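Colleague:
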Amino acid sequence: MYRTYTKDRLFDSGIRCVRANSTFMYKKAKSVVHEVDYWDSYRHMRLQTRGYLHFTRTNGYNVSNVLDSRLAENTITGGTPFLIAFTDYKTCAVVRYPQAKGGCQVWMYADSMASADTSPCNFVCNILCGKEKHKVYDKDLCPEALTKPFPTKDEL
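What follows is the structure, given as structure tokens:
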């Protein structure tokens with residue numbers, strides 16, 4: 316939905332319409348395969364990638380509170396950590412991104428986008444991360460291909 320910083324090492328300030336969709340879960344390994352697509356406004360094209368999220372926890376927590384994102388399925392190191400600062404488990408999550416010097420991202424579930432402006436994650440993000448906001452998803456500004464449902468596995 317939005318983030319509190321302009322650039323990072325994964326996506327620069329020219330990305331828009333970022334979406335992610337979980338396609339497979341490895342329950343024993345606590346990991347998820349997800350497809351990500353987005354609009355590169357510099358190159359004027361849609362880009363897609365597959366990522367792997369592994370759920371871990373920080374010291375002192377008894378539940379997973381970190382998503383370690385990797386581009387290769389079986390890698391053990393080199394992932395990008397996303398610390399879950401808050402989630403209501405139904406509509407949204409506030410995720411800290413350490414590489415952005417304490418910056419945050421607000422992630423919304425697709426069926427909650429209509430109520431994004433009144434989401435509890437906006438309130439939590441303002442308190443934890445500041446009021447600066449940079450949209451990375453705005454349906455009205457996205458090309459049509461990035462407003463439709465994700466393609467099925469057979470269509471990829």
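Its first residue numbered 316, the sequence shown is counted upward by one per residue in the working numbering. Just so it is clear, CB atoms sit at the ideal spot from N, CA and C, and this is done for glycine as well. Here the structure is a predicted model, which means the values were calculated and not measured.
Using only CA atoms, which one of H349, D355, V333, G375 lies nearest to M340?
Modeller: Of the listed residues, the one whose Cα sits closest to M340 is H349.
Colleague: What does the alpha-carbon distance come out to for the pair A400 and C444?
Modeller: Roughly 10 Å separates the two Cα atoms.
Colleague: Among F370, Y317, H359, Q363, which has the Cα closest to the Cα of K342?
Modeller: The residue with the shortest Cα to Cα distance from K342 is F370.
Colleague: In chain order, what residues of the same chain have a beta carbon less than 6 Å from the beta carbon of D455, not counting five sequence neighbours either side?
Modeller: Contacts found: none.
Colleague: Does L382 come out as helix, strand or coil in the three-state DSSP assignment?
Modeller: Three-state DSSP puts L382 in a strand.
Colleague: In the DSSP assignment, find the unbroken alpha helix (DSSP H) run with C444 in it and report its ends.
Modeller: Unbroken alpha helix (DSSP H) run through C444: 435 to 444.
Colleague: Find the nearest neighbour of W422 within the set H449, W354, L386, judged by alpha-carbon distance.
Modeller: Looking at the Cα atoms, H449 is the closest of the given residues.
Colleague: State the DSSP-derived secondary structure class of E459, mapped to helix, strand or coil.
Modeller: Note: E459 maps to helix in three-state DSSP.
Colleague: Helix, strand or coil for D454, going by three-state DSSP, please let me know.
Modeller: Going by the sequence as given, residue 454 is Lys instead of Asp. K454: helix per DSSP, three-state reduction.
Colleague: Go to S337, then tell me how far its beta strand (DSSP E) extends in each direction, as first and last residue.
Modeller: Run containing S337: 330 to 341, per the beta strand (DSSP E) assignment.
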